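Each remark here refers to the structure printed beneath this line.
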Amino acid sequence: MKEITVRSFAKINLSLDVGACDAQGYHEVDMIMQQLAFHDDVQLRFVRFPGGKKGDIGISVRTNRYYLPTDRRNLAWRAAELMIGRYGSSWESGRLEINILKRIPVAAGLAGGSGNGAAVIHGLNVMFGLKLTLGEICSLCGELGSDVPFSAVGQARGNKGFPAAVRRDSMAASCVRATGRGTVLEPLRGIDRPVVIAKPALSVSTAEVYRGIDSCGIPERPDNRRLARRLEEDGGRDGSVYEDFINVLENYTLAAYPKVAELKERMEQLHPEKALMSGSGPTVFAVFRRMEDAQKSCRILRKQGYEAYWTRTMK
């Protein structure tokens, strides 16, 4: 029996800008994403079936969240299916068991599902000695979704059990600038700060937000080139980076979902260095200078009825 557990980290968007919709219905993006220490655990276990036909491999997914799908609708399942189809013809017959311990809120703009998919690809690379480079892993992840490659480079930075060549790859990073469809990645230094993430009791459709943003006025956009430069210079220590912590998707989500706007306002009242919506929402994050302030703010938000967690960024 082969087994590995991979940490699957949450992400926040320090900035997010979108361009016009192309002929295929996709928006070009320019965004800076930061990995958090807050994570799910994705355990992979391969149970051999002696005497079976090579390449005959079943998949099962379990999770501690009863409402999550455990079939092909789950990105972890599709990641396993992709890897088995690409590399599994020579593997022994057996069953791949995927057990996901979820901590990251679901459908929250934190790349929880994307990270689980990336974790399966990383895990199978280790378990079966595939010796894939981080670039090859990212290419596979890109077939699953636009946030998945970033999850892969962040996991390469944060999982000590991965091959040294993957962990030490120049692309392994906890902060990146992502352009194109989100899969062209430029590693950055990132910020080093305590963070609170909070979510109201609702879900927001990413597709709806991207459709809606085309008809929204966007009064202010981030200067991601400037933000990337400042992050590289000093990791945002002097606070100058916060003027470019702008998420243009807020222009739609905060208007369409007043509870998200209310949450952001409440988080701003806690006096963080910056509060901003992550992704298409509904999660809002707040950056603090001191962990004590982050923990206190998290307790206040929980008393107000929000799902809230304190964590910190990953270096």
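Sequential numbering from 1 applies to the sequence shown in the numbering used here.
Ideal Cβ placement from N, Cα and C applies to all residues, glycine included.
These numbers come from a predicted model, not from an experiment.
Option nearest residue 303 by Cα separation, candidates 199, 39 and 182: 199
Under the three-state DSSP convention, the category residue 49 falls into: coil
C-beta atoms of residue 261 and residue 270 nearer than 7 Å: no
Residue range of the alpha helix (DSSP H) that includes residue 141: 134-142
Rounded separation between residue 18 and residue 129 - CA only: 39 Å
Through-space distance from residue 89 to residue 222, alpha-carbon basis: 47 Å
Beta carbon of residue 2 nearer than 7 Å to that of residue 35: no
Nearest to residue 244 (by Cα), restricted to the options 256, 100 and 228: 228
Cβ contact check for the stretch 135-146 and the stretch 38-47: 3 or more pairs under 8 Å: no
Limits of the alpha helix (DSSP H) - the one that residue 277 falls within: From DSSP, residue 277 is part of no alpha helix (DSSP H) but of the beta strand (DSSP E) over 274-277.
Start-to-end residues for the beta strand (DSSP E) that takes in residue 174: Unbroken run through residue 174: none, as it is neither H nor E.
Expected contact under 8 Å - CB spacing of residue 108 and residue 312 to nearest Å: Not a contact, Cβ separation roughly 18 Å.
Residue 252, DSSP secondary structure in three states: helix
Beta-carbon proximity list for residue 250, same chain, < 6 Å, skipping 5 on both sides: 277
Boundaries (first-last residue) of the alpha helix (DSSP H) holding residue 15: Segment 2-21 is the beta strand (DSSP E) holding residue 15; no alpha helix (DSSP H) there.
Simplified DSSP assignment, three categories, for residue 99: strand
Sheet register partners of residue 247 (DSSP bridge): 16
Outcome for residue 274 when other beta-carbon atoms lying within 10 angstroms are tallied against a minimum of 16: buried
Buried/exposed call for residue 74, threshold 16 Cβ in 10 Å: buried
Cβ contact check for the stretch 278-288 and the stretch 94-109: 3 or more pairs under 8 Å: yes
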